[in-house]
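In the working numbering, the protein residues as written are 145 to 616.
Structure, as structure tokens:
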């Protein structure tokens, strides 16, 4: 830059006219006489070169502060919020077909009521089981104690005692116990909550049938108490049978019909354990009658429940016998598996208690067991093969994991009763694959039981998998 000397302080009109400016700040007299606009003399400090680095940097930082950065740290929600979202989205709205009453009740309940406390407890327990997190289980235990406390206060109120919200809260606490305590004999609470729910139902009287929602809750109590009695090996109480008779005119579906037979099977099993069947032939005959009733029930299932059979080309280690069946959904698969489970137990009794050698009854029972175990194996690939269904993937999705949980007990019993070594090995490898692809430690544990302690009763394994808490 050429140095032209010191800059003039004169105003612009005086410099242009080459006049001497009197440097008045409010306008020089020369411009005033010539009636020109004068802006005053120039401030030399504004003409000097200065280091503006700091000022410029501050201006840039100020502008950046007004623009939201692209890499904002996401909002960290609490575990209770995340657990509730997972519980409702994956379990209530995804897996379960028995929690339809929960969402509307929860939406209209006050945030301080016992129903919300029970939801928090079971949600954290669900998330803890899903993530295998002992830390979350501690949070769940704290919420569980709070839920029991708030429920105790609610039960002192006659209006709350008969409300749908209270009955739903008790059912959620029962769900919590089934998730957390996998041994029916390890906790008094394993049966106490569902028995408490039954007491509430008896006290509600006609209210149990006053609305579709109330009937859903009463039906849920009837089903869960039946299964709990089966897991603990005790007979079904007479009050439950009376409740079922009252609900028969409202409930008309395959699962309800199956649980009616399940009541007889649970009572039969309790009688066998209590030594009421001293004659093997009598036990065998009773088991055969129950199996025939289950087989007849299968013939009445909706046509829409029939599976689509898929044949595979070549060898696939996750498919038994070159084909598998795809059912309409996991609920249908579970109900059919439950029927096959009970039929397997009945035919096993026939096979073991039939007197004499290889009679026709024993041969028929063995053939039925072979057929039923094949059906169970054929229902597995639809949930584990990536290309079997559009929503399948590897590693397993959260819903896929829960669907596979419902397969563990049927697979265990099939492996326990099968005399086919190839099938037993396939079942073990399938559960190991579930453990690996789905991060399902329980699948590995049950595989180990099948290989090392194959005499463990299937009801024990059913409780280990979370009972109906992780089922549809």
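Positions of the beta carbon are idealized from the N, C-alpha and C atoms, including for glycine.
Every value quoted in this text rests on a predicted model; they were computed, and no experiment measured them.
Secondary structure of residue i, DSSP reduced to three states
| i | result |
| --- | --- |
| residue 266 | helix |
| residue 432 | helix |
| residue 422 | coil |
| residue 380 | coil |
| residue 454 | strand |
| residue 587 | helix |
| residue 171 | coil |
| residue 608 | helix |
| residue 325 | coil |
| residue 157 | helix |
| residue 285 | helix |
| residue 179 | coil |
| residue 444 | coil |
| residue 340 | helix |
| residue 533 | coil |
| residue 385 | helix |
| residue 372 | helix |
| residue 278 | helix |
| residue 330 | coil |
| residue 460 | coil |
| residue 354 | coil |
| residue 538 | coil |
| residue 308 | helix |
Pairwise C-alpha distance: residue j and residue i
| i | j | result |
| --- | --- | --- |
| residue 167 | residue 156 | 11 Å |
| residue 340 | residue 458 | 54 Å |
| residue 352 | residue 595 | 46 Å |
| residue 381 | residue 442 | 27 Å |
| residue 280 | residue 327 | 20 Å |
| residue 480 | residue 434 | 16 Å |
| residue 428 | residue 494 | 5 Å |
| residue 103 | residue 335 | Only positions 145 to 616 of the chain appear in this structure, which leaves residue 103 out of reach. |
| residue 484 | residue 412 | 17 Å |
| residue 171 | residue 150 | 22 Å |
| residue 165 | residue 176 | 11 Å |
| residue 606 | residue 372 | 11 Å |
| residue 462 | residue 517 | 15 Å |
| residue 402 | residue 306 | 29 Å |
| residue 510 | residue 520 | 15 Å |
| residue 248 | residue 254 | 12 Å |
| residue 438 | residue 400 | 13 Å |
| residue 616 | residue 474 | 8 Å |
| residue 153 | residue 182 | 13 Å |
| residue 603 | residue 375 | 5 Å |
| residue 365 | residue 573 | 37 Å |
| residue 343 | residue 592 | 40 Å |
| residue 299 | residue 347 | 12 Å |
First and last residue of the uninterrupted alpha helix (DSSP H) at residue i
| i | result |
| --- | --- |
| residue 470 | It is not in any alpha helix (DSSP H) - residue 470 instead sits in the beta strand (DSSP E) that spans 467–470. |
| residue 494 | 474–497 |
| residue 302 | 302–305 |
| residue 404 | 398–417 |
| residue 250 | 246–252 |
| residue 238 | Per DSSP, residue 238 belongs to no alpha helix (DSSP H) and is neither H nor E. |
| residue 392 | No alpha helix (DSSP H) contains residue 392, which DSSP labels as neither H nor E. |
| residue 527 | 525–528 |
| residue 616 | No alpha helix (DSSP H) holds residue 616; DSSP gives it neither H nor E. |
| residue 223 | 223–230 |
Inset, instruction - Answer yes if the region 284–295 comes into contact with the region 313–320, meaning at least three C-beta pairs across the two stretches below 8 Å, and no otherwise. - result: yes
Inset, instruction - Give a yes or no on contact between the region 564–579 and the region 256–263, applying the rule of three or more CB pairs nearer than 8 Å. - result: no
Inset, instruction - Just list the beta strand (DSSP E) runs in the region 552–605, keeping only unbroken ones of 3 residues or longer that don't cross its boundaries, in chain order. - result: none
Legend entry - the region 457–472 contacting the region 521–528, beta-carbon criterion three pairs below 8 Å: yes
Legend entry - Contact between the region 571–591 and the region 547–561 (3+ Cβ pairs under 8 Å): yes
Legend entry - At least three beta-carbon pairs within less than 8 Å, the region 598–611 to the region 555–562: yes
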